[in-house]
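In the numbering used here, the protein residues as written are 597 to 1279.
All residues carry an ideal CB built from backbone N, CA and C; glycine is no exception.
Heads up: the structure comes next, in structure tokens.
Here's what the structure looks like:
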């Protein structure tokens, strides 16, 4: 190769080597950039690993805990097991859902349409709005549950008495209704007056009884026709009772063991009772039907008891079986008869009680209807003595209470006590009925059942009539109003009253003249009768949409929400934001909103979301998985490029070595040619 050609070739190799060096530098720079890309991919992956999501722990209807992304909806949704939280903005307004805001506004619109709420009655308006607000969630207050689970429904009238139905003006005056409600009735002015009047009535009645008791005792303990006193006869009865014994004759029949004259003593005691009863029966208390009452009935029944050995009949029930007319059960000393059957018998064959003897054959057919079953027997000596002792004990225990006091009030002390008692009774009667029911009924005035609506005999009309207790309120609502002030009562008494609107208790002296009003007392009586039978009414909330849920907890939850919206204002949150976990986490972390929680006293208190036990931080698995995939993809791409760059560098290096060898060879040839030429020209 000539010198020129060698130089040209050398220049070409030099150019290619320079190009390889440039390419090598470019590739190395690219490899440097791969390192940066690798670091960036690693950082993104580490960020994803460190990234967390706020989570909310709440409960389902079964009480099972569950974790959800923290959103407004998950934070504020109702469950009887959940804590109640709220979110407020920087102005203090509570953030609520669009649904809650709409129901709140509709509740006030409905309340404003209620004509029973007077203008300016803010408290009444708010109470009605709360009722409507709760109703929109299916919540209704019910009083249908009692301690006695067999009772499922309360009488509407009793419910009004227990709950009250009065509506008041803002100044406390009544608009409508006649029932305070059980609790307010017990602390009402009317109830206080009644207790004072009733206490005075009882004290005067006791004083009257004490003043007449001696005269009553003198009459009862007076001398009998046998020439002895009642007390002595009572002592004899006690002696007979102490020593009276019976024995079995071995055949299942009892006989008197002692004393021997027991029957004679019993007959004397019966005679003594008969004489004493004859002396005092005109002084017995009369019943409202005009009879002498239970004591007289018991005495008349005993005194008509047959003597020892006489026949007696005891009705033991009504039989229904089809039997031949005139069936006789001689073994049990029992005869079965029917009124229609007896009509066909020979009247001369009947005994003193109108019944056939056991040995008589009765005529007739079969009896299909009911008929009376009677035991016919003979009075034994044991039965006679035991009945006499029992009756004497009854006589001794009840005689004084059976006597009418007014028949014995003869002395001045008794007359004074009687007048004071009748004055107290009249005042109590005026309070209860608005009129004087009369002295014959004074002893009934502490009998609430009698006072609840008593049938009395009207001497003028000769008819039975009903005196209803007064209410002193609106007759259109069933009240009996006494407008005649001459029938009002003087009550100069201090009584403790409770304002039916505010509940404030005050002790005042009531007006001298008081319009009778018995309604509150009657309500208390009827409500307590109801509670005695059925138990105390259990006021409870019922969720009509889900009766098995804890409606009381739900009602308290939405009551808390209503009151918070009332007090601090509210702002509806868009549904989209309400379901966004990203928005809520950002808003909390940036301080745009803050949290509140309802405490055990149902008060809203501020709290930090970072201190909330129901809010936790959790790794976001989806983001980590995505970041890992991106990282792996980036690293694979980087590694592929790096391998390609290494291969290119290796190829460049190989080419560079080849060029270098060729370069060195050509340069050596050129150098030798130059040296040879130099020598040639020097020679």
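Check: With residue 1126 as the anchor, note down where its alpha helix (DSSP H) starts and where it stops.; Outcome: 1115-1130
Check: Along the chain, where does the alpha helix (DSSP H) containing residue 1141 start, and where does it finish?; Outcome: No alpha helix (DSSP H) holds residue 1141; DSSP gives it neither H nor E.
Check: Sorted by chain position, which residues of the same chain lie with C-beta nearer than 7 Å to residue 763's C-beta, five sequence neighbours on each side aside?; Outcome: 712, 771, 772 and 773
Check: Can you grab the Cα-Cα spacing for the pair residue 954 / residue 845, in whole Å?; Outcome: For residue 954, the predicted model reports a pLDDT of 42, less than 50, meaning its position is unreliable; a value from the coordinates is still stated below. Taking the straight line from one Cα to the other gives about 25 Å.
Check: Using DSSP with H/G/I as helix, E/B as strand and the rest coil, what is residue 674?; Outcome: coil
Check: Fully enclosed by the region 750-818, which beta strand (DSSP E) runs are 3 residues long or longer?; Outcome: 770-772
Check: Keeping to the same chain, check which residues put their C-beta closer than 7 Å to that of residue 1021; ignore five residues upstream and five downstream.; Outcome: 797, 1038 and 1041
Check: Start and end of the alpha helix (DSSP H) containing residue 1172?; Outcome: 1171-1174
Check: Output the boundary residues of the alpha helix (DSSP H) element that contains residue 863.; Outcome: 858-876
Check: Looking at the secondary structure, which residues open and close the beta strand (DSSP E) in which residue 713 lies?; Outcome: Note, residue 713: premise wrong, no beta strand (DSSP E); not H, not E.
Check: Should residue 1201 go down as buried or exposed, given a rule of 16 or more other Cβ atoms within 10 Å for buried?; Outcome: exposed
Check: Whole angstroms are fine: how far does the CA of residue 1139 sit from the CA of residue 676?; Outcome: 12 Å
Check: I believe residue 1016 touches residue 1035 by the beta-carbon criterion, under 8 Å. Please report the beta-carbon distance rounded to the nearest angstrom.; Outcome: That pair is no contact at about 14 Å.
Check: Would residue 678 be called buried (16 or more neighbouring beta carbons within 10 Å of its own) or exposed?; Outcome: buried
Check: Identify which residue in 861, 817, 842 and 753 has its Cα closest to the Cα of residue 834.; Outcome: 861
Check: Take residue 663 and list the residues in its own chain whose beta-carbon comes closer than 6 Å to its own, dropping the five residues that flank it on each side.; Outcome: 651 and 653
Check: Taking 8 Å as the cut-off, decide whether the C-beta atoms of residue 759 and residue 1116 are in contact.; Outcome: no
Check: Taking residue 981 as part of the alpha helix (DSSP H), name the residues at either end of that continuous run.; Outcome: 977-998
Check: To the nearest angstrom, how far is the alpha carbon of residue 856 from that of residue 818?; Outcome: 29 Å
Check: With a cut-off of 8 Å on the beta carbons, I'd call residue 975 and residue 902 a contact; round off their distance for me.; Outcome: 5 Å
Check: How big is the Cα-Cα spacing for residue 611 and residue 1250?; Outcome: 16 Å
Check: Going by DSSP, name the residue or residues bridged to residue 1311.; Outcome: The question about residue 1311 has no answer here: the residues shown for the chain are numbered 597 through 1279.
Check: Could you compute how far the alpha carbon of residue 793 sits from the alpha carbon of residue 699?; Outcome: 52 Å
Check: How should residue 631 be labelled, buried or exposed, when 16 other C-beta atoms within 10 angstroms of its C-beta is the threshold for buried?; Outcome: exposed
Check: So for residue 1035, helix, strand or coil by DSSP?; Outcome: helix
Check: Look at the alpha carbon of residue 1208 and the alpha carbon of residue 1244, and state the distance between them as a whole number of angstroms.; Outcome: 60 Å
Check: So for residue 881, helix, strand or coil by DSSP?; Outcome: coil
Check: My guess is that residue 1192 and residue 684 are in contact by the Cβ rule of under 8 Å, so how many angstroms apart are they, rounded?; Outcome: 6 Å
Check: Measuring straight from C-alpha to C-alpha, what distance separates residue 1233 and residue 686?; Outcome: 49 Å
Check: At what residues does the beta strand (DSSP E) containing residue 842 begin and finish?; Outcome: 841-844
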